[in-house]
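Participant: Questions regarding the structure given below will be posed in turn.
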Amino acid sequence: MKRLIAVMVTVVFVLGFGVLGFAADMDKCGSCHKGDKALDKIVKSKKIESCDALMKGVKEGKAAKMHEKLTADDYKAACKTLNLK
Ligand code: HEC
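Taking this note's numbering as reference, the numbering of the sequence shown is continuous, increasing by one, and the terminal residue is 911.
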């Protein structure tokens with residue numbers, strides 16, 4: 827019985843962190859990209875089909891300055907949630 831409780835606590839713990847981590851990833855872009863400017867909408871309207879195209883679009887776009895602080899990992903995380911390769 828004790829063991830079962832330990833396992834359940836571990837599972838809840840890990841799941842909780844997974845969700846928190848996911849939310850943090852989303853926030854990197856989501857703090858600015860929401861509503862009409864949500865990333866999935868941008869990706870669709872600009873016909874961005876890969877992670878490379880996404881990064882290129884950002885760097886060459888008029889808002890490049892807004893993205894200076896973002897790292898390659900941030901883009902990778904964003905690509906993952908957007909299902910880009
Ligand atoms: C500090 C605010 C901010 C953050 C954080 C941010 N963006 Fe942006 N982003 C902008 C603004 C402002 C624009 C210009 C929107 C427009 O065209 O009206 C933009 C435009 C873009 C565009 C379109 C570029 C173009 O002009 O073709 C892409 C793609 C994009 N962002 C991706 C991302 C991704 C991916 C992240 C997270 C890793 C991110 N952004 C985080 C503010 C932000």
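Note that the Cβ used here is the ideal one computed from N, Cα and C, for glycine as well.
1) For the alpha helix (DSSP H) containing K902, name the first residue and the last one.
2) Does the ligand HEC have a heavy atom nearer than 7 angstroms to the CB of G883?
3) Decide if I874 is buried, meaning its Cβ has at least 16 other Cβ atoms within 10 Å, or exposed.
4) L865: buried (16+ other C-beta within 10 angstroms of its C-beta) or exposed?
5) So A903 packs on K854, CB below 8 angstroms; how close in whole Å?
Facilitator: On the basis of the data shown:
1) Locating residue 902 in the sequence shown gives position 76, where the first residue counts as 1. That run of the alpha helix (DSSP H) goes 898-908.
2) On the sequence shown, residue 883 is found 57 positions in, with the first residue counted as 1. Answer for G883: yes, Cβ within range of the ligand HEC.
3) On the sequence shown, position 48 is the one that residue 874 refers to. By the neighbour-count criterion, in which a residue is buried when 16 or more other Cβ atoms sit within 10 angstroms of its Cβ, I874 is buried.
4) In the sequence shown, residue 865 corresponds to position 39, counting from 1. L865 is buried by the Cβ-count criterion.
5) Reading the sequence shown from its first residue, position 77 is the one you call residue 903. Reading the sequence shown from its first residue, position 28 is the one you call residue 854. A Cβ-Cβ separation of about 7 angstroms places A903 in contact with K854 under the 8 angstroms criterion.
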